[in-house]
Every structure is written in C-alpha cells, then in structure tokens.
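Peer 1: The sequence shown begins at 1 in full-length UniProt numbering and counts up by one.
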Amino acid sequence: MFMTYEAADGSALPLLVFEPAEGTRPAAGIVLFHGGALRTGSADDLAPHCRRLAARGILAASAGYRLLGQGAASIEDCVADVRRAVERFTRLAAQRELQTSCLASGGSSAGAHLALLAAMSTPDQPVPAAAVVAFNPAGLDLLAFSPQLRRSIEQRAGIAAGRAVEYSLIEFVRPGNPPTLIHHGTGDEVEPIDHVRRFRDAMVRAGNECTLIEYAHAAHAFHYPGRGGHFDGVVDTTARFLLNRIAAN
Numbered sequence: 001m002f003m004t005y006e007a008a009d010g011s012a013l014p015l016l017v018f019e020p021a022e023g024t025r026p027a028a029g030i031v032l033f034h035g036g037a038l039r040t041g042s043a044d045d046l047a048p049h050c051r052r053l054a055a056r057g058i059l060a061a062s063a064g065y066r067l068l069g070q071g072a073a074s075i076e077d078c079v080a081d082v083r084r085a086v087e088r089f090t091r092l093a094a095q096r097e098l099q100t101s102c103l104a105s106g107g108s109s110a111g112a113h114l115a116l117l118a119a120m121s122t123p124d125q126p127v128p129a130a131a132v133v134a135f136n137p138a139g140l141d142l143l144a145f146s147p148q149l150r151r152s153i154e155q156r157a158g159i160a161a162g163r164a165v166e167y168s169l170i171e172f173v174r175p176g177n178p179p180t181l182i183h184h185g186t187g188d189e190v191e192p193i194d195h196v197r198r199f200r201d202a203m204v205r206a207g208n209e210c211t212l213i214e215y216a217h218a219a220h221a222f223h224y225p226g227r228g229g230h231f232d233g234v235v236d237t238t239a240r241f242l243l244n245r246i247a248a249n
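1. Which one of G29, L38, S62, G36 has the shortest CA to CA distance from D44?
2. Mind checking V132: buried by the 16 CB within 10 Å criterion, or exposed?
3. Exposed or buried, E191, counting other C-beta atoms within 10 Å across all chains shown (16 or more means buried)?
4. Counting C-beta neighbours from all protein chains within 10 Å, is the total for T90 16 or more, i.e. buried, or is it exposed?
5. Helix or strand or just coil, what does DSSP make of A55?
6. Assuming I75 contacts I159 under a Cβ cut-off of 8 Å, what Cβ separation, rounded to an integer in Å, is found between them?
7. Looking at C-alpha atoms only, which residue of P179, G41, A55, V173 is the closest neighbour of T24?
8. Answer yes or no: do G36 and L243 have a C-beta to C-beta separation smaller than 9 Å?
9. Whole-angstrom Cβ separation of A138 and A112, contact assumed at under 8 Å?
10. I'd like the span of the beta strand (DSSP E) that includes M3, first residue to last.
11. Closest to P48 by C-alpha separation, out of E22, F18, F2, would be which residue?
12. Given 8 Å as the limit, is there contact between the stretch 198 to 218 and the stretch 176 to 188, that is, 3 or more CB pairs closer than that?
13. Which residues in the same chain have their Cβ closer than 7 Å to the Cβ of G196, if we skip the five residues on either side of it in sequence?
14. Beta-carbon separation of L13 and F2 under 9 Å?
15. Grouping DSSP H, G and I as helix and E and B as strand, with all else coil, what is V132?
16. Please name the residue, chosen from F135, D194, Q155, that lies closest to G233 on a Cα-to-Cα basis.
17. Quick check on R205: buried or exposed, where buried means 16 or more other Cβ atoms within 10 Å of its Cβ?
18. Using the DSSP secondary-structure output, state which residues sit across from L67 in a beta bridge.
19. On the criterion of 16 or more Cβ atoms from any shown chain inside 10 Å, does G64 qualify as buried, or is it exposed?
20. Roughly how many angstroms lie between the CA atoms of R150 and L142, to the nearest whole one?
21. Distance, Cα to Cα, R174 vs S11?
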C-alpha cells in the first residue's frame, strides 16, 4: 500500500506499507530506511524485505526521506524526516492495535545510521523504537577513520567540518539503548567489521542487548536479493528477532 507522510519541511514523502494476510493481526511492526549515502536510493529499495516480513505476520514499511541535494540541506534534515516517518508509522500501527512496545525501526547503510541516530539520541520527544534492525550500518565509529577520510565523509554526508563525532553512533551508547540486531559482512568496504564489533562490545558493556550476525567475506549491500544469496537468511533472522523480542503476546 502506497502512503505518504509529511516531512519536516511539509513536503510529502513515500511510505510503502506491507501488511500481513487479510484477517491476520500483525504481531509486530518495523519501518525501514534505505541506504545510498544520503544522496541516492528510494523507499522501493527495501520493499522486498518488507514484503517477506509481512508474510511472517509483521507490519512492515519502507520510508523515503529527503536526500542531500534533493530537498535536504544537511544530515539533520534527513534525521528529522526519519523521526516524522517513525511517528507516522506509529500512528498507523496503533490503528492496527499495535503498541509502541511492539514497534522497531531500522534500515540499510546510511538509512540504518539514521534509524539508530533517531533511536539512540535523546531529543525532547524520543523516537519510539522498541528495537532496531540494521543491515550493514554506516557511521558506527566515525572517529576510527583517518582525519582525511572523516573530512571526506563529512562533505559527502552534509556534516559540518569537524563535527563527525556528533554523528558517530558509538558516542551515543548508554544504558537503555534499544535492543539492536546488526547484519554485517566481514568484507564490508564501507564500514569495516572491526568498527561494528567495537560498537557491539560498547553496547554490551553498557548493559544493552546487541546481536551482531557476521557474514563471512560478504561485501556492503550483501543483504539484497541476488547479492550473494543471503537475502532469505537475513529476512528470516530479522523476522525471528522481531517475533521473539517485541511481538505482542
């Protein structure tokens, strides 16, 4: 089902909603955000994942957000849209009798970074996310990159010079972060697996639940259909995590 939600600037952005079979009450819900370095990609990218999750009894949605150079002036605009999308999805889920304790957010690469930022940071009104699922997330430990590479990342991601630390997810780790499931390839060339392991370890030390599923030799974007044969396993593990961890009784 194609829907829209109101972005932070008032524009309409896509929200592709996939529901369980007619007559089946959803047991959990998740809204996902696509990757593309904040400059490319669309809500269609994660539609295959959502369609499969819906077949497992999960209300699933894939949301677009303003991209840099296409309505977004900085990463902050992207984060603001993610918050709006989660709020819209929460209202939609409530109409299907799903409480916020049964709702997750997540995404791929830059979209996973945005979802985690929204869920882990503490604005005046925290984003309701009982769990987060991240497919090869980016930006977990930005300070681990060289100064030159950090500056390049800042330029590409619409981050002011010298402010990468403000968007490095490991800096947001604290007790009470939502349970997190990460799918990541050991051959990822965008976010090295060592960064992901450090993030996982920091989450665990803080008393949080953080499960990292490693895929041997898999490169970035390995989780899409036709990209290395991992799609079925990734979706199955995600469905089991949602159904076992946050599903309504």
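C-beta: ideal position from N, C-alpha, C; glycine also.
Peer 2: Quick answer:
1. S62
2. buried
3. buried
4. buried
5. helix
6. 6 Å
7. A55
8. no
9. 7 Å
10. 2 to 6
11. F18
12. yes
13. The sequence shown places Val at residue 196, not Gly. Here the set comprises L140, I182, H184, L212.
14. no
15. strand
16. F135
17. exposed
18. Q70, G71
19. buried
20. 7 Å
21. 34 Å
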